[in-house]
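Below: one structure, written as structure tokens.
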Amino acid sequence: MATLGIDFGTSNTAAGVMVGGRPHLIEVEPGRTTLPTSVFFDYDRKITTYGSVANAALIDGREGRFMRALKSVLGTPLMREKRQIAYERLTLIEVVARFLSMIRDRAEAATGETYQTALSGRPVRFHSSDTARNTQAELDLREAYMVAGFDDVSFMYEPEAAALASGQLDKNALGLIVDIGGGTSDFSVFERDGDATRIIASHGVRVGGTDFDRAISIAEVMPLLGRGGEIRNAIGSGTHLAPNAIFNDLATWQKIPFVYTAENLRMAADFAKLGMDQALFKRLHTVLEMELGHDIAFAVEAGKIQINKPGIADAGIDLRVIEQGLWARFTQAGMEQLLAVHAGQIRDCAAETLRLADVPADRIAKIVFVGGSSLLHVVENTMVSMFPDATLERAEAFTAVADGLAIAASHCLPN
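Add 1 to the 1-based position in the sequence shown for my numbering, that's all there is to it.
Structure representation (structure tokens):
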């Protein structure tokens, strides 16, 4: 039986196999070889939808529970907590398993093959500094594959898979994979000898596109909902600042589904009464009451993408779903400042990868950008400053990992 290569991503997922000696990405949605890693539990129809259909259900305002960025929760206690999700009680492992089962079903329908084994991509580190949680994350993902009905799954570091699918590299030259995904950033130093690829060193850090979104949202959107605002004390005189926790959770993709509690709604109602600027907290109450957290997150992501286009110096975050005429505006320079800490973490991780490979920066002849977030100006500028003489390759940024997994799956390469 063939092995299916699956790039299960924080933001997007793809699957591939080898056909005629070349990697072939499976059409997992009509006309598309990638789909959003999104799940929507539809209250009314009591069905579960995935990918773009799930995104559309949220945007259309259907009643239900939307989930995204589940990969970022792997390794945490949340994965094994049984909770009411729409019309069922499920663990998040079961939710991920259903998503993986859907990918396998679509792959089998598209190819006519049966896939009982999978080669799954994984970041070098799910969690940067917690070894136990990092180990648990792979155990959680393995269990999800088993619950999904696979007989076995092997894992391969995502940047190493991308290296297999990278373009030509001169003999004795070294390349560097820069894989900035939705939840993690991963690096591999590699060399090529014909079609053979040798990985010299790999390293990773838990920072990615959803962290970029979170930083932008906290700085530019959450103040419009009351973050940093003053609230009069319920008893006695004086004021206190609104607690940051609710705003931080609203700005975090994987935590949004869990903020819609009766307790948070009551808290927002109290803030709307006692806040020095009541209009801000009324917006917060609206967001919680109407469950608009993911609408905000999508708007932030759209603004981030817009401002990264050539010649764009500033962009808007469309918040009219909350209030007519409400926008947050930010600049390219402002975004780079907001993401400076993240850029520093990425730079440090790249430098550590070089240290592990025992090679100086000037030995890197080619930078291969992988993952949608790798194309942000702040990431490219960081890499160019480290490797000013290296050539830049961006052609397969969105599919390189899946292509590499397809190549490796054809040989059943374990990690």
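The C-beta atom is built at its ideal place from N, Cα and C for all residues, glycine as well.
It should be emphasised that the depicted structure is a prediction, and the values quoted were computed from it without experimental measurement.
Counting C-beta neighbours from all protein chains within 10 Å, is the total for residue i 16 or more, i.e. buried, or is it exposed?
i, result
"Arg-69", "buried"
"Met-291", "exposed"
"Ile-181", "buried"
"Ser-73", "buried"
"Ile-313", "exposed"
"Tyr-51", "buried"
"Lys-172", "exposed"
"Thr-49", "buried"
"Thr-211", "buried"
"His-286", "buried"
"His-128", "buried"
"Ala-58", "buried"
"Phe-42", "buried"
"Arg-66", "buried"
"Ala-263", "exposed"
"Phe-191", "buried"
"Arg-90", "exposed"
"Ser-130", "exposed"
"Ala-334", "exposed"
"Leu-293", "buried"
"Glu-114", "exposed"
"Asn-245", "exposed"
Excluding the 5 residues preceding and the 5 following residue i in the sequence, name in chain order all residues of the same chain whose CB lies nearer than 6 Å to its CB.
i, result
"Asp-296", "Val-322"
"Phe-331", "Glu-221"
"Thr-77", "none"
"Ala-149", "Ala-98, Leu-101, Ser-102"
Using three-state DSSP, classify residue i as helix, strand or coil.
i, result
"Gly-176", "strand"
"Ala-270", "helix"
"Ile-200", "strand"
"Gln-169", "coil"
"Phe-331", "strand"
"Thr-132", "helix"
"Phe-127", "coil"
"Gln-325", "coil"
"Phe-248", "helix"
"Ile-408", "helix"
"Gly-304", "helix"
"Ile-219", "helix"
"Val-208", "coil"
"Ala-235", "coil"
"Gly-345", "helix"
To which residues of the same chain is residue i closer than 7 Å at the C-beta, ignoring the five residues directly before and after it?
i, result
"Gly-372", "Asp-180, Ile-181, Gly-182, Ala-398"
"Phe-156", "Ser-121, Arg-123, Glu-139, Asn-416"
"Leu-340", "Phe-213, Ala-216, Val-379"
Kindly identify the DSSP beta-bridge partner or partners of residue i.
i, result
"Met-157", "Gly-122"
"Gln-85", "Arg-90"
"Arg-23", "Val-20"
"Lys-367", "Gly-176, Thr-392"
"Ser-39", "Arg-69"
"His-116", "The question names His, but residue 116 in the sequence shown is Tyr. Answer is Ala-3."
"Asn-13", "Pro-37"
"Arg-193", "Thr-198"
Can you list, in chain order, the residues of its chain whose CB lies under 8 Å from that of residue i, leaving out five sequence neighbours each side?
i, result
"Asn-13", "Thr-35, Leu-36, Pro-37, Thr-38, Gly-183, Gly-373, Phe-399"
"Ala-270", "His-286"
"Gly-276", "Gly-227, Gly-230, Glu-231, Ile-232, Arg-233, Ala-243, Phe-282"
"Leu-165", "Thr-198, Asp-404, Gly-405, Ile-408, Ala-409"
"Asp-45", "Arg-63, Glu-64, Gly-65"
Closest Cβ-Cβ distance between residue i and chain C: below 8 Å?
i, result
"Ser-155", "Of the protein chains in the structure, only one exists, and it is not chain C."
Quiz item: Just checking, does the region 372-384 make contact with the region 344-364 on the three C-beta pairs under 8 Å criterion?
Solution: Contact holds: three or more Cβ-Cβ distances are below 8 Å.
Quiz prompt | Inter-stretch contact at 8 Å, needing at least 3 Cβ pairs: the region 190-200 / the region 232-248 | solution = no
Self-check item: Cβ contact check for the region 15-25 and the region 399-414: 3 or more pairs under 8 Å
Solution: yes
Exercise. Indicate whether the contact test is met: 3 or more Cβ pairs, each with one atom in the region 303-313 and one in the region 244-251, closer than 8 Å.
Key: no
Practice problem: Decide if the region 142-156 is in contact with the region 82-90; the criterion is three or more beta carbon pairs, one per stretch, under 8 Å apart. | Solution: no
Practice problem: Report yes or no: do the region 354-373 and the region 201-211 share at least 3 C-beta pairs separated by less than 8 Å? | Solution: Yes, they touch.
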